[in-house]
Every structure is written in C-alpha cells, then in structure tokens.
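Reviewing the structure listed below.
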Amino acid sequence: GESVGLHLPTLSVQEGDNSIINCAYSNSASDYFIWYKQESGKGPQFIIDIRSNMDKRQGQRVTVLLNKTVKHLSLQIAATQPGDSAVYFCACSGTYKYIFGTGTRLKVLA
Amino acid sequence: ETGVTQTPRHLVMGMTNKKSLKCEQHLGHNAMYWYKQSAKKPLELMFVYSLEERVENNSVPSRFSPECPNSSHLFLHLHTLQPEDSALYLCASSQDYSGPTDTQYFGPGTRLTVL
Chain A
4 GESVGLHLPT LSVQEGDNSI INCAYSNSAS DYFIWYKQES GKGPQFIIDI RSNMDKRQGQ
64 RVTVLLNKTV KHLSLQIAAT QPGDSAVYFC ACSGTYKYIF GTGTRLKVLA
Chain B
23 ETGVTQTPRH LVMGMTNKKS LKCEQHLGHN AMYWYKQSAK KPLELMFVYS LEERVENNSV
83 PSRFSPECPN SSHLFLHLHT LQPEDSALYL CASSQDYSGP TDTQYFGPGT RLTVL
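One line per chain: the protein sequences are A and B, in this order.
Counting from 4, one number per residue, gives the positions in the first sequence under the working numbering.
Counting from 23, one number per residue, gives the positions in the second sequence under the working numbering.
Here is the structure:
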C-alpha cells in the first residue's frame, strides 16, 4: 500500500544552524506534497507545499526540495530558531486522499 | 489561528458515556475532515464530508458517528468507546474535495481520554 516515512524520529540542531528534515514516499503517482508543523498542544500548521512539476520551492526561511526520481522530499529551515521546535511531517497526495508521515521532532539547542 | 476551531480541547469519558466533539471552520470551505492522531502513528483519516455529504468513511467503528449539518460545522458523536480510542482527534477543512491537491487546514484538536 501507499506509505510515507520520515528518516529520523528526532533531530537536534543548534540555534542558528540550518535544519534538514527528510521524507520518503512510495506512490510514484503522488503529485502534491505538503509540510506541516505541529507544536505541542496544537494542530498541524501548513508550512509549504510543492507540486510534482517543480523540484524546489522557497518560502520564508523554509525551502522544500522534491526528488521524484528517488521519491524523496526534504524541508530545509534556515537559521533555526527556538520557535521552530515542533514535530514536522510531510503529506503526499495518494489516491483521493493524503498519506501522512509519522513526523520528525525538531529540537533546537540554545 | 487557522480558522478552524474545535471544542472541547480536552475530554475525559468513561466507556459507557456519550459525548460529542465539535468543529467549526470560518474559511468558507466546502470540505471537512476528521482525523485520529495516536502517538508515533501517522494521521488516520476517519471521515470526509464535501458539501455536507459524506464522501469517505475509512472503516471506522460504528461507535464513532459523524454529522455535518452545514458546510461550516462538523460533529463527531462518541458512544461506548474503548480505552484504545484515546487519542488526539483533529478536524480539518479544505476549499473543495475536488482532489487531493486541496490544502487542508487543521484545528487544534480534542485530546480524548477514555477510562
């Protein structure tokens, strides 16, 4: 069946450094990808999305990279701040619905 | 704030209780969703409503009963739950359910504990 996996359950990054969170998906027909951020006690918050006709998209301090050849998606956060501490997970379009990953917890060290 | 609100934020109930979760979206969206989020598991889609009609029911036990009286409100009625139903229940909405490319916006969730 369709699946989405994240490479690391936890990532610790020094404040000010760049963070890279990875995601792998199985459905080669997926054509839309989203990154969500979920802080403790809150619901998932939309960060950035990308369609399959692109391989890179930039937002404010965030960049999403898509490699369709190896079915890999990554989220890069520049100059990581304490407020970036959260669980990040990707969602990929599946057959009429999203397939979600389990999430990577990002810890920002002072 | 995402424009999607959920009440209550926390709920503790016994296995014989009946309770309801409420979701309201202020975004003018046409599709609404219920998800279950358990620790260390991906989000599980439970129900989807589009224009107040249920379009998806992912083999959810009948002790969960959704209701969508209008495009802005969604309820999840709970009855005779089991301890393994304890989880965070998330509501989401999207502009349409025309396909999986409609971005979903989530509420803060209801943390449910079944004793």
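Note that CB positions come from ideal geometry on N, CA and C, so glycine has one too.
On a predicted model such as this, the values are computed, not experimentally measured, just so you know.
Going by C-alpha distance, which of the options is nearest residue i?
| i | options | result |
| --- | --- | --- |
| LEU43 (chain B) | B:VAL136, B:THR132, B:TYR127 | B:THR132 |
| CYS45 (chain B) | B:HIS32, B:ALA53, B:MET35, B:GLY129 | B:GLY129 |
| ASN25 (chain A) | A:LYS110, A:LEU112, A:GLY106 | A:GLY106 |
| SER4 (chain B) | B:ASN52, B:VAL136, B:PRO83 | Outside the displayed span of chain B (23 to 137) sits residue 4 (chain B), for which this structure offers no information. |
| TRP38 (chain A) | A:LYS110, A:VAL111, A:PHE103 | A:PHE103 |
| SER33 (chain A) | A:HIS75, A:PHE49, A:PHE92 | A:HIS75 |
| GLY25 (chain B) | B:HIS95, B:ALA109, B:THR102 | B:HIS95 |
| GLN117 (chain B) | B:THR29, B:GLN28, B:MET54 | B:MET54 |
Is the CB of residue i under 9 Å away from at least one CB in chain A?
| i | result |
| --- | --- |
| GLY131 (chain B) | yes |
| THR125 (chain B) | yes |
| PHE86 (chain B) | no |
| GLU75 (chain B) | no |
| LEU112 (chain B) | yes |
| GLN28 (chain B) | yes |
| THR24 (chain B) | yes |
| GLU78 (chain B) | yes |
Pull up the distance between the alpha-carbon of residue i and that of residue j, whole angstroms please.
| i | j | result |
| --- | --- | --- |
| VAL90 (chain A) | ASN92 (chain B) | 32 Å |
| CYS95 (chain A) | GLU89 (chain B) | 27 Å |
| ILE53 (chain A) | ILE23 (chain A) | 16 Å |
| LEU68 (chain A) | MET37 (chain B) | 46 Å |
| ASN79 (chain B) | MET68 (chain B) | 6 Å |
Please confirm whether residue i has its beta-carbon closer than 9 Å to some beta-carbon of chain B.
| i | result |
| --- | --- |
| LYS45 (chain A) | yes |
| LYS74 (chain A) | no |
| TYR39 (chain A) | yes |
| VAL7 (chain A) | yes |
Verify the contact flag: residue i, CB atom, against every heavy atom of the ligand FMN, threshold strictly below 8 Å.
| i | result |
| --- | --- |
| PHE128 (chain B) | Of the ligands one can find in the structure shown there are none, so the ligand FMN has no counterpart to examine. |
Span of the beta strand (DSSP E) holding residue i?
| i | result |
| --- | --- |
| ARG31 (chain B) | That residue, ARG31 (chain B), is in no beta strand (DSSP E); it is neither H nor E in DSSP. |
Which whole runs of the beta strand (DSSP E) in the region 71 to 96 of chain B are 3 residues long or more, in chain order? Correct list: 75 to 79, 86 to 92.
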